[in-house]
Amino acid sequence: METDKSFTVTPRVVRAAALADADLDPEPLDPAQVVSGNPQVRHLELASGTDLAVGVWQHGPGVSTDTEADEVFVVLGGRATIEVEGGPVLDVGPGDVVLMPGGARTVWTVHETLRKLYAVRP
1 METDKSFTVT
11 PRVVRAAALA
21 DADLDPEPLD
31 PAQVVSGNPQ
41 VRHLELASGT
51 DLAVGVWQHG
61 PGVSTDTEAD
71 EVFVVLGGRA
81 TIEVEGGPVL
91 DVGPGDVVLM
101 PGGARTVWTV
111 HETLRKLYAV
121 RP
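According to the UniProt record's numbering, the stretch in the sequence shown is residues 1 to 122, in order.
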């Protein structure tokens, strides 16, 4: 039996860069992930299926750690430096497209509230 892999049934436009912060749900970081500051994280899932999830993610100023999923994202606003353990240091800002391999361990230093549109394999 074939499973349905579609992740949306309704065509629509989401003006992700213009969404109010209140349109994104708070998603507190695990305190163990916070290196410095008090970064506020917000999220809005736009669509998801068996092999793809798409959404908007926002991280306020501060420093935090993460273990990444297979992801491509486009920075909609803000600026950050992402240090990849054993890899490059990525300086990202509006319009940048970032490819991140699953399992990469990272440190995010967010200089200005960063908002991104992401597509990730769950």
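Positions of the beta carbon are idealized from the N, C-alpha and C atoms, including for glycine. Every value quoted in this text rests on a predicted model; they were computed, and no experiment measured them.
DSSP, read as helix, strand or coil, puts Gln-40 in coil. Pro-122 and Glu-83 have their C-alpha atoms roughly 22 Å apart. Here Asp-66 has Gln-33, Thr-106 and Trp-108 as same chain residues with Cβ atoms under 7 Å from its own Cβ, once five neighbours each way along the sequence are excluded.
When DSSP states are grouped into helix, strand and coil, Asp-25 belongs to the strand group.
Around the C-beta of Ser-64, 16 or more other C-beta atoms lie within 10 Å, and the residue is accordingly described as buried.
If you draw a straight line from the Cα of Val-97 to the Cα of Gln-40, it comes to about 22 Å.
For Asp-91, the enclosing beta strand (DSSP E) covers residues 89-92.
For Gly-55, the enclosing beta strand (DSSP E) begins and ends at 53-59.
Considering only Val-9, Thr-8, Thr-10 and Val-14, the residue with the shortest C-alpha distance to Leu-76 is Val-14.
Judged by beta-carbon spacing, Gly-55 lies beyond the 8 Å limit of Leu-114, meaning their Cβ atoms are not closer than that value. Here Ala-16 carries a helix assignment [DSSP, helix/strand/coil]. Collapsing the DSSP output to three states places Ala-69 in coil.
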